[in-house]
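Order-wise, the sequence lines are chains R and W. Going by numbering that gives the first Met the number 0, the first sequence runs without a break in its numbering and finishes at 235. Going by numbering that gives the first Met the number 0, the second sequence runs without a break in its numbering and finishes at 269. Every residue gets a Cβ at the ideal spot worked out from N, C-alpha and C, and that includes glycine.
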Amino acid sequence: MFALLAVAWEKWVDIFHIKPYLLPPLSKVLATAWASRAVLFRESWITTLEIVQGFGWAMVAGVALAMAIHASAVAQRTVYPLIVAFQGLPKIALAPLMVVWVGYGTASKVLMAFLFAFFPVVIGTLGGLASTSPALIEHFRAIRASRSTTFRRLHVPSALPAVIDGAKTAMPLAVIGAIVGEFVGSEAGLGHLILEANANGRTDLLFAALLMVSAVAGVLYLVVELAGRRVWWRAL
Amino acid sequence: MSAAVSPPADVDSRRLAQREVAISVRRVAKTFGDRGEVQALEAVTFDVRRGEFVSLLGPSGCGKSTLLRIVAGLVASDPGGEIEVLGRLHVDVSDDVGVVFQTHNMLPWLDVEHNLRLAAEVRGMPKRELDPRIDELLAVLKLEAFRRSYPHELSGGMRQRAGLGQILALRPQVLLLDEPFGALDALTRDQLNIELLRIWQEMQQTVVLVTHSIPEAVFLSDRVLVMSDRPGRIVEQVEIDLPRPRNNATKATPRFGSLVVHLNDLMGVR
Chain R
0 MFALLAVAWE KWVDIFHIKP YLLPPLSKVL ATAWASRAVL FRESWITTLE IVQGFGWAMV
60 AGVALAMAIH ASAVAQRTVY PLIVAFQGLP KIALAPLMVV WVGYGTASKV LMAFLFAFFP
120 VVIGTLGGLA STSPALIEHF RAIRASRSTT FRRLHVPSAL PAVIDGAKTA MPLAVIGAIV
180 GEFVGSEAGL GHLILEANAN GRTDLLFAAL LMVSAVAGVL YLVVELAGRR VWWRAL
Chain W
0 MSAAVSPPAD VDSRRLAQRE VAISVRRVAK TFGDRGEVQA LEAVTFDVRR GEFVSLLGPS
60 GCGKSTLLRI VAGLVASDPG GEIEVLGRLH VDVSDDVGVV FQTHNMLPWL DVEHNLRLAA
120 EVRGMPKREL DPRIDELLAV LKLEAFRRSY PHELSGGMRQ RAGLGQILAL RPQVLLLDEP
180 FGALDALTRD QLNIELLRIW QEMQQTVVLV THSIPEAVFL SDRVLVMSDR PGRIVEQVEI
240 DLPRPRNNAT KATPRFGSLV VHLNDLMGVR
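Right, here's the structure in full:
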């Protein structure tokens, strides 16, 4: 499929004489990517770190908050509506504010990745916690399991498949968050490289950077997917 | 009154009658809903003697499962009722009581051995005490070959057996069973009932079984408590004087047949 797409791209440009500053042929893009590999990998690494940190914090905070909401009726009435209301806000619009608040460096990008990834983690974890079998909850009561034991040995494993689902949704969103963060104001990263290439009319480099973005997103998603396979009882 | 409810004649039952009371239920009622709209149970009173096998028999929705959950301490009864289990006033789930429900109680992410260990581990049983017990249970329940299998790899009958095993590992003095084999096919169910009797005869627990199957109640029990439609109350007690040990041949005896017919009459089946 990828090969077919690659051939179609190459031929399309060739047959219709598309100007290279609009759409460079794939061969040119690949040649540029190879020539600029040092830059591409450097910028990719910066962006990857931003994404991973933002995603990591979203997992930690999202799971913790979902636990709190699940455990406490008060949190359910107060925190949960707040999160939902916040989710309604277009987070792209927050990017300039993040730069103002935490600066031009990577912190604002991590924060953007975090904001994008946070919500699906909370929703996934909440759904997982709520889906625990009522029969098994009663069984745990009947064997006199404490609240913490029931949580650790029943609720957590029951919720894991849904947490993984949340993480799978969250990871691509974290990528978007980091790139958006870089667009708004940055000195490094793939988002910065894309803007720079665009400004200089280097469409070939822009495409090479885009390929890197999707490669980074693909690899990171694969990591979540592979981690998720350890939760094999999801399909049962 | 028919012959079926006459006093027990054989020696075994007479000895049983003299045993001390293990479970005492006094005027236990239960209403559901904020304004007490639905009365599920109406002043139920009965005793179960130590080592006795008693069945609660009734139509679906008569509150027999609710009654079992109240005895287990999982559901609170209306004020005014009293339950004593092994001489102690019963308000919460107790360590002496094991409960097996209709749906199996196995965790899908644990293999058979670890599922069998679960309840005992949760109650803090030391490993050196639990290890030999698990080996013994795997043998008794014929699950040795499935020690490392996961619940989804087992048949329904094996799952229910392992579920029972998890509770037996607790060595509870009182075993409360809520249609533990209710979701299984008739053949598997008969087989498991025979195994249940064998285990009970060995371990001598006090058993209360909830069922809506008349032949099952007759086959297993020392005594059957017949419950009415909602609001549930106990309308009749029937001593089952069939000799033990019982097996498939028991079901072919005239006495078995007449007890089944008698219970059918009591439950209004014509």
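8 Å contact criterion, which residue i and residue j should meet: CB distance rounded
{"i": "W:Ala39", "j": "W:Arg229", "result": "6 Å"}
{"i": "R:Leu64", "j": "R:Phe115", "result": "The pair is not a contact, with the Cβ atoms about 16 Å apart (cut-off 8 Å)."}
{"i": "W:Leu142", "j": "W:Gly164", "result": "7 Å"}
{"i": "R:Gly53", "j": "R:Ile122", "result": "17 Å between Cβ atoms; not a contact."}
{"i": "W:Met226", "j": "W:Lys63", "result": "5 Å"}
{"i": "W:Arg48", "j": "W:Ala71", "result": "No, W:Arg48 and W:Ala71 are not in contact; Cβ-Cβ is about 18 Å, not under 8 Å."}
{"i": "R:Arg143", "j": "W:Asp264", "result": "Not really, about 41 Å apart at Cβ, beyond 8 Å."}
{"i": "W:Leu169", "j": "W:Ala118", "result": "5 Å"}
{"i": "W:Leu129", "j": "W:Arg116", "result": "6 Å"}
Residues of its chain near residue i, where Cβ-Cβ distance is below 6 Å and the 5 sequence neighbours each way are ignored
{"i": "R:Ile91", "result": "Val179"}
{"i": "W:Leu67", "result": "Leu175, Asp177, Val209"}
{"i": "R:Trp56", "result": "Phe113"}
{"i": "W:Val4", "result": "Only weak support exists for where W:Val4 lies, its pLDDT of 47 falling under 50; the coordinates are left without a value."}
{"i": "R:His154", "result": "Leu128, Thr131"}
{"i": "W:Ser54", "result": "Leu208, Thr210, Ala216, Ser220, Val223"}
{"i": "R:Lys27", "result": "Asp203"}
{"i": "R:Val109", "result": "Glu49, Gln52, Gly53"}
{"i": "R:Gly61", "result": "Phe117, Val120, Val121"}
{"i": "R:Ser185", "result": "His191"}
{"i": "R:Thr46", "result": "Ala177, Gly188, Leu189"}
{"i": "R:Pro95", "result": "Val183"}
Bounding residues of the beta strand (DSSP E) (the contiguous stretch that carries residue i)
{"i": "W:Thr210", "result": "205-210"}
{"i": "R:Ile249", "result": "With chain R covering only 0 through 235, there is no way to say anything about residue 249 of chain R."}
{"i": "W:Met226", "result": "222-226"}
{"i": "R:Glu224", "result": "Note, R:Glu224: premise wrong, no beta strand (DSSP E); alpha helix (DSSP H) at 202-227."}
{"i": "W:Glu235", "result": "233-238"}
Segment limits, alpha helix (DSSP H) that includes residue i
{"i": "R:Leu192", "result": "189-198"}
{"i": "W:Arg197", "result": "185-202"}
{"i": "W:Lys29", "result": "First-last for W:Lys29: 20-31, but that is the beta strand (DSSP E), not the alpha helix (DSSP H)."}
{"i": "W:Glu120", "result": "111-121"}
{"i": "R:Trp100", "result": "94-101"}
{"i": "R:Met66", "result": "36-70"}
{"i": "W:Phe255", "result": "253-265"}
{"i": "R:Thr124", "result": "105-129"}
{"i": "R:Ala134", "result": "133-141"}
{"i": "R:Met170", "result": "155-183"}
{"i": "R:Ile91", "result": "Here R:Ile91 belongs to no alpha helix (DSSP H), and DSSP marks it neither H nor E."}
{"i": "W:Arg34", "result": "Segment: none, W:Arg34 is in no alpha helix (DSSP H) and carries neither H nor E."}
{"i": "W:Lys126", "result": "126-139"}
{"i": "W:Phe218", "result": "213-219"}
{"i": "R:Thr148", "result": "146-149"}
Buried versus exposed call for residue i [16 or more other C-beta atoms within 10 Å across all chains shown]
{"i": "W:Ala216", "result": "buried"}
{"i": "R:Gly71", "result": "With the sequence shown as reference, residue 71 of chain R is identified as Ser, and Gly is not the correct amino acid for it. Exposed."}
{"i": "R:Phe206", "result": "buried"}
{"i": "W:Ser59", "result": "exposed"}
{"i": "W:Gln172", "result": "buried"}
{"i": "W:Pro242", "result": "exposed"}
{"i": "R:Ser145", "result": "exposed"}
{"i": "W:Asn246", "result": "exposed"}
{"i": "R:Ile17", "result": "exposed"}
{"i": "R:Glu181", "result": "buried"}
{"i": "W:Gly57", "result": "buried"}
{"i": "W:His261", "result": "buried"}
{"i": "W:Ser1", "result": "Low local confidence applies: a pLDDT of 45 at W:Ser1 is under 50, so the model's placement there is unreliable, with the coordinate-based value given in what follows. Under this definition W:Ser1 is an exposed residue."}
{"i": "W:Val10", "result": "Below a pLDDT of 50, predicted positions are generally treated as unreliable, and W:Val10, at 49, falls in that range; the measurement from the model is reported next regardless. Exposed: under 16 other Cβ atoms inside 10 Å."}
Close-in-space but distant-in-sequence residues of the same chain around residue i (CB under 8 Å, 5 per side omitted)
{"i": "W:Asp110", "result": "Arg146, Arg147, Ser148, Tyr149"}
{"i": "R:Met0", "result": "none"}
{"i": "W:Glu41", "result": "Ala28, Pro230, Gly231, Arg232"}
{"i": "W:Leu153", "result": "Val111, Phe145, Ala161"}
{"i": "W:Val74", "result": "Lys29, Thr65, Arg68"}
{"i": "W:Glu51", "result": "Leu15, Arg18, Ala21, Thr205, Val206, Asp221, Arg222"}
{"i": "W:Gln200", "result": "Arg243, Pro244"}
Residues that residue i contacts on chain A, provided the C-beta gap is smaller than 7 Å
{"i": "W:Thr102", "result": "You won't find chain A in this structure, because its protein chains are R and W."}
7 Å CB neighbourhood of residue i in its chain, flanking five on each side removed
{"i": "W:Ala8", "result": "Here W:Ala8 scores only 47 on pLDDT, less than 50, and its place in the model is too uncertain to base an answer on."}
{"i": "W:Val24", "result": "Val43, Thr44, Phe45, Val70, Ile82"}
{"i": "R:Ala226", "result": "none"}
Kindly provide the ranges of any beta strand (DSSP E) runs that are 3 or more residues long and lie completely inside the region 43-102 of chain W, ordered along the chain.
-> 52-56, 81-84, 96-99
Enumerated in chain order, which unbroken segments of the beta strand (DSSP E) with a length of 3 residues or greater are wholly contained in the region 141-186 of chain W?
-> 173-177
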